[in-house]
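Input: a single structure, listed below in structure tokens.
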Amino acid sequence: MRKILVCPVCKSSDIALDTGGYTGKYICKDCGYIGIAIEMSEGEYEKLVESEKIAKEPKREESKIYKGDEHRRHE
Numbered sequence: 411m412r413k414i415l416v417c418p419v420c421k422s423s424d425i426a427l428d429t430g431g432y433t434g435k436y437i438c439k440d441c442g443y444i445g446i447a448i449e450m451s452e453g454e455y456e457k458l459v460e461s462e463k464i465a466k467e468p469k470r471e472e473s474k475i476y477k478g479d480e481h482r483r484h485e
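Quick note on my numbering: the sequence shown kicks off at 411 and runs consecutively.
In structure tokens, the structure reads:
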């Protein structure tokens, strides 16, 4: 598998060498981070992106449904 570089801050793969590559630092084109990038395989990156999506999904609020039902029972 191909290796890609990933921003450690925002997990973007849209990064480039900073200052012509002389310093070994990278710049993230999405968040502006400048520093060392994480190297990983495409498969590892896909798993990382998927786990980030899951972590950002809002949790279901079952309590709202329950509260509505509870309110009707007490009327």
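The C-beta atom is built at its ideal place from N, Cα and C for all residues, glycine as well.
Model, not experiment: these values are computed from the prediction.
Limits of the alpha helix (DSSP H) - the one that Ala465 falls within: Glu452 to Lys466
Opposing strand residues paired with Ile437 [DSSP bridges]: Ala426 and Ile444
Cβ shell of Asp424 (< 6 angstroms), same chain only, five flanking positions each side left out: Lys439 and Asp440
Exposure of Tyr432, with buried meaning 16 or more beta-carbon neighbours within 10 Å: exposed
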